[in-house]
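Notes follow the structure.
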Amino acid sequence: MAHLENLVLCRESQVSTLQSLFGERHHFSFPSIFIYGHTASGKTYVTQTLLKTLELPHVFVNCVECFTLRLLLEQILNKLNHLSSSEDACPTHITCETFNDFVRLFKQVTKAESLKDQTVYIVLDKAEYLRDMEANLLPGFLRLQELTDRNVTVILLSEIVWEKFRPNTGCFEPFVLYFPDYSIGNLQKILSHDHPPEYSADFYAAYINILLGVFYTVCRDLKELRHLAVLNFPKYCEPVVKGEASERDTRKLWRNVEPHLKKAMQTVYLREISSSQWEKIQKDDTDPGQLKGLSAYTHVELPYYSKFILIAAYLASYNPARTDKRFFLKHHGKIKKTNFLKKHEKTSNHLLGPKPFPLDRLLAILYSIVDSRVAATANIFSQCLRCWVSDLQRPHGAPCSAECFLSCRRTFLPTAFLELPLITSLVTLQLLTLVGHDDQLDGPKYKCTVSLDFIRAIARTVNFDIIKYLYDFL
Amino acid sequence: MSSRKLKSNNLKHSECLSQVQRILRERFCHQSLHSNLFGVQVQYKHLIELLKRTAIYGESNSVLIIGPRGSGKTMLINHALKELMEVEEVSENVLQVHLNGLLQINDNIALKEITRQLNLENVVGDKVFGSFAENLSFLLEALKKGDRTSSCPVIFILDEFDLFAHHKNQTLLYNLFDISQSAQTPVAVVGLTCRLYLKIFKEQLSLPAEFPDKLFAEKWNENVQCLSEDRSVREVLQKHFNVSKNLRSLHMLLMLALNRVTSSHPFMTAADLMEANQLCSMDSKANIVHGLSVLEICLIIAMKHLNDIYEEEPFNFQMVYNEFQKFVQRKAHSVYNFEKPVVMKAFEHLQQLELIRPMERTSVNAQREYQLMKLLLDSTQIMNALQKYPNCPTDVRQWATSSLSWL
C-alpha cells in the first residue's frame, strides 16, 4: 500500500481504520458507516481513492446531484448494473419509483456473477440532504444489509454530526468515524506538495508559510487555501522574475506579497471579484487599492431626489417614531430628556435591524429634510405640474426651481404622485423592501435594507450629515 | 504420515485469522441465526406455541412484539420461524409474508408486495378490485388448491409496525386483523415494534466449536476468559452498559476492537477494548469545534458572552460583531481586526456546520445580518473544546473566561 500513501497524504490512520473495517473481500462489514469531518478534510477523496485502489465494487452517488428519491435510487441501480455487466453488453436502463422496488431490484442486480461473494459499497456523499427527502429513506439505507439480505455496506459522508441525523423514533445506529481537521503542519505539507516544477520546494514552502500566516486565523479550508495559493503565486515570484531579488531574499519577497495577500482577503476570498479579474490585475500591475468589488457603493448611481428618499427611509427605519418631533420639526419645544435617552445598550436599533414604517411617515421626514437642506438654486427637480399646466409656453421638461417645486408639491399634489415611482424603483433595486402584503388597507409599509456605511456614503454625496439625525448616535 | 496429518489439521496462521474475522463479523454485522437468545426464552416459547397453533391446527392469531431498538425482536421471530419450518407438516403448508414499514409506505405498495410474496401475480393478472378487502380475500381464496378443504395458513410478519399504523385509514391493518378474526383463512399476524452483560460479552466473542483450527480456538477462548476477568475490561463494559443496554451497541464496541486484530496482533487485549470505548464515546460537536479557525472560535466566544449576559435570548450577526469589536478594540488585539464581510463569511460557515441555527426560515427579503439565531453549543461544551483547541492564542482563551474589559 505504499503508493496509496503517496496518493493520500496525512491520513494514514483513517486509511488503516477504513481498510480494517472493510476487511477481506468476502467478509461482512458493518451495515452502515457514517464518516463526518470538516469540509476539505479528505472524506470523499480518501474513500474514493481507497475503494478504487483496492478495486472493491462500489457505487458513488452525490445527494446534491440526486436530490429526489427517484434520481437517487435509479442512479445507484444503474451504476451497479454497469459494474456487474460485461464490457460489451449494454445494460438496459432500470427505473425505480419507490424504496420497496429498489430493495427488490437491488436483490436482482446483486445476483450477478461479478458481484457475488463480495461486499458491495454504496457511498452517499453530502448525506445531510437525505434528511430532507422521504422519511423512510435514511433509516432504510442504514438497514440495507438486513432488508436486502445481501453483503452490502452503505457509507455516508457528511459535514454535520450524527446526532443531527438521528430520526425521532430511532434507527439502526451506524459506525461513526471522525476525520480530524488538518493541523497547520499537515496543511503546509499538503500545500507544498503541489509546487510548480520551475521553482525549488523550499522557495514554495516559504511562500506557503507567508500565505498561512495571513490566512490561517481566518480560514482552514484546504480548498480555499489551495485556490489562493495558486492565484497569488505569480505575484510572489514577480521580484525574482524581474531580477530585483533572489530566491532566498525572503524579507523582500515577504514585503512585496503581504499587502497583496491582505487585499486578496477582502476581494477574491469574499468572491467580490472573480479570479480572472484578480489575475488580470496582477498581470497589468495596477494598484489593487482601486478595486471595486460587487458590494462597492460607487456603482449604484441614484438620482438626486431618490438619494433623499433613501436617506429619509433610513431615518424612518432606524429612529423610533416618537423621536421624529425632535429631529424634524423646526420648533419642537422642550422634550424631557429622561424619557428620551436609551435605557439599555441592547435596544440600539442598529443591532436589532430596520423597522417597517408607513408611507406617510416617510414623506413627512422627506419634506422636512429636503426643505432644510436643498439649495434654493438647484435646478434638478423635474417639471412641476402647475407650471406646466398654467404656463403652456414653457418648454416641456424644463426643470423648475426648488422653491417652486416644493410649494407646488404641498399645495397641488398632496399625494405621493412623484415619489411613488421613485420608491418603487428603490424597491426593485432592493434598497428598500415592501413589508407585508401588496394591497394593505392602511397603505404600504416599507423597510430600508442598506447598511450604515452605504447610507453614509450616499449622504456624503449630497452633503447631508446623517449622523446628526440618528437617534442611536446622540 | 503424521506430518501430513499435522499440516492438514493446522491451518496457516493468517487463514486462521481470516476465519476468525469472518465468523465474528457475521455475528456482529450480519444477524446470523447461530446466536443464542438471551433472556427471552419465555417469550420465545410463547411465540412458537402460537405459531404452531396457526400452522398445524388452523387457528388465527395475532401477536405484537414490543421492545426497544436492538433488543432482539427480529432475531426472535427469525429463530421461531426457523424452528417452525423444521417441522415436517408445517414446511409444505405454511406461507410467509414479510412486510416492512420502511419499504411499504402505503397500502397499495403493501398489497402488491403481498401478491408478489404469495406468488399470485399470474392469478391476479389484470383484475381490478373495488376495495382493498376484496383484493385481499381474493388472494387468500386463491391459496385454496385442489383437494384441500381449507386454505393454507399464512403468517404475516410486519416489521416497523408503528409505521403501518400511520397509513391512511390503516386499511392494511384493519383487513389483516379482520381476516384473523373471521374463520376463512388461518392467519397469524406478528407485529414488531420498538417502544447479564458480561456473560453476553463472553459468549459473543467466543469461537464456535466447529472452528477448523482447534488449537487456535482454544487459545482464543482462553484469551476471552482472561479478558472477562480483567478489571479494566469490566469497567469499560460497565460504562458501556450505563450508556446503552442493547446488544447492537455492544456489537459496535466489539467490532471496533476486532479491527485491531491482525496477523501481528492476533489476540484481543484490554487496551484494544479501552481504545474502542473511547472511540465510541467521543463528543462529535467538540471534534467539529476543534477544526474551526481562530476567527470562528472568537465568534463562538462572543456568542457565549451574549448568551451569558442576555440569558439565552436569540442574537443576530450585528450583535455578535459588536461584541467581537469590543474585544478587538483593546490595544493588544488589533491583529484580529478583520473587515466585516470577512467576519460575515466566518459566521456563515458556522451556520453551514449547523452550530448556529436561525430561529425561523430565511426569507428572501430579510437582511442576513439581522436574522435572529440560536447557538447550539452550551457553555461547558465550549470551554471543554477550548481546552483541547490546538495553539489557542492566550488572549482569546482569557477572553473566553471573562468578558470584563479591565482584564
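Same order as they appear, the protein sequences are chains W and Y. Under UniProt numbering, think of the first position of the first sequence as 1, with each following residue one higher. Under UniProt numbering, think of the first position of the second sequence as 1, with each following residue one higher. We treat Cβ as the ideally placed atom computed from N, Cα and C, and that holds for glycine.
Whole-angstrom distance between residue j and residue i, CA atom to CA atom
i        : j        : result
LEU306/Y : LYS340/Y : 19 Å
LYS79/W  : ASN151/W : 17 Å
ASP221/W : VAL241/W : 30 Å
LEU211/W : GLU238/W : 16 Å
TYR36/W  : LYS447/W : 41 Å
VAL59/W  : TYR121/W : 6 Å
SER20/W  : PHE216/Y : 21 Å
ASN209/W : ALA316/W : 50 Å
LEU377/Y : SER284/Y : 12 Å
GLY243/W : ARG330/Y : 43 Å
GLN387/Y : GLU354/Y : 22 Å
LYS263/W : TRP278/W : 10 Å
PHE347/Y : LEU299/Y : 7 Å
ASN232/W : VAL268/W : 10 Å
ILE66/Y  : THR394/Y : 54 Å
LEU250/Y : HIS82/W  : 38 Å
SER182/Y : GLN104/Y : 25 Å
ARG11/W  : SER183/W : 12 Å
GLU312/Y : GLN367/Y : 22 Å
VAL63/Y  : ASP159/Y : 12 Å
VAL15/W  : GLY213/W : 30 Å
ASN319/W : HIS350/W : 10 Å
GLU90/W  : LEU115/W : The residue you asked about is not Glu; residue 90/W is Cys in the sequence shown. In a straight line, the C-alpha of CYS90/W is about 17 Å away from that of LEU115/W.
Three-state class that DSSP yields for residue i in the structure shown
i        : result
CYS66/W  : coil
PRO174/W : coil
PRO116/W : Sequence check: residue 116/W is Lys here, not Pro. Looking at LYS116/W - three-state DSSP - the assignment turns out to be coil, as it is neither helix nor strand.
LYS126/W : coil
VAL154/W : strand
THR461/W : helix
HIS195/W : coil
HIS350/W : helix
HIS58/W  : strand
LYS111/W : coil
THR262/Y : strand
HIS38/W  : coil
LYS355/W : coil
TYR389/Y : coil
TYR446/W : strand
ASN256/W : helix
Cβ-based burial, residue i [other Cβ within 10 Å; buried from 16]
i        : result
ARG27/Y  : buried
VAL42/Y  : exposed
ARG195/Y : Any reading at ARG195/Y must be qualified, since the residue scores a pLDDT of 45, below 50, and its modelled position is unreliable; the value itself is stated next. Exposed, since its Cβ has fewer than 16 Cβ neighbours within 10 Å.
ASN391/Y : exposed
VAL128/Y : exposed
MET75/Y  : buried
GLY72/Y  : buried
PRO303/W : exposed
MET359/Y : exposed
LYS235/W : buried
LYS304/Y : buried
ASN175/Y : buried
ASP107/Y : buried
PHE473/W : exposed
Per DSSP, cross-strand counterpart(s) of residue i
i        : result
ILE65/Y  : LEU192/Y
MET373/Y : PHE315/Y and PRO358/Y
PRO167/W : None, per the DSSP bridge assignment.
LEU429/W : Paired residues: none, contrary to the question.
ASP324/W : ASP324/W is not bridged to any residue.
Chain C contact for residue i (CB, 7 Å cutoff)
i        : result
ILE356/Y : Given the protein chain composition of this structure (W and Y), no chain C is represented.
Proximity test, residue i beta-carbon vs the ligand ATP heavy atom, cut-off 6 Å
i        : result
PRO234/W : This structure lacks the ligand ATP, and indeed carries no ligand of any kind.
- contact_flag[the segment 182-201 of chain W, the segment 44-55 of chain W] where n(CB pairs < 8 Å) is 3 or more: For the pair of segments examined, the segment 182-201 of chain W was found not to touch the segment 44-55 of chain W: the number of CB pairs separated by less than 8 Å stays below three.
- Message: With three or more C-beta pairs closer than 8 Å as the rule, is the segment 220-228 of chain Y touching the segment 178-192 of chain Y?
- Response: These segments do not touch.
- Message: When you compare the segment 128-148 of chain W with the segment 12-26 of chain W, are there three or more beta-carbon pairs, one atom per stretch, that lie closer than 8 Å?
- Response: Put simply, the segment 128-148 of chain W does not touch the segment 12-26 of chain W. Fewer than three CB pairs are less than 8 Å apart.
- Message: Measuring CB atoms only, is the segment 120-138 of chain Y touching the segment 167-177 of chain W, in the sense that at least three cross pairs come out at less than 8 Å?
- Response: Look at the beta carbons and you see the segment 120-138 of chain Y not touching the segment 167-177 of chain W: under three pairs across the two are nearer than 8 Å.
- Task: Indicate whether the contact test is met: 3 or more Cβ pairs, each with one atom in the segment 362-371 of chain W and one in the segment 305-324 of chain W, closer than 8 Å.
- Result: Taking a contact to require three or more Cβ pairs closer than 8 Å, the segment 362-371 of chain W and the segment 305-324 of chain W qualify as touching.
- Query: Would the segment 123-143 of chain W and the segment 60-68 of chain W be scored as touching if the rule is three or more Cβ pairs under 8 Å?
  - Reply: Yes, they touch.
- Query: How do the segment 40-60 of chain Y and the segment 241-248 of chain Y stand: do at least 3 beta-carbon pairs fall below 8 Å, yes or no?
  - Reply: Touching, no.
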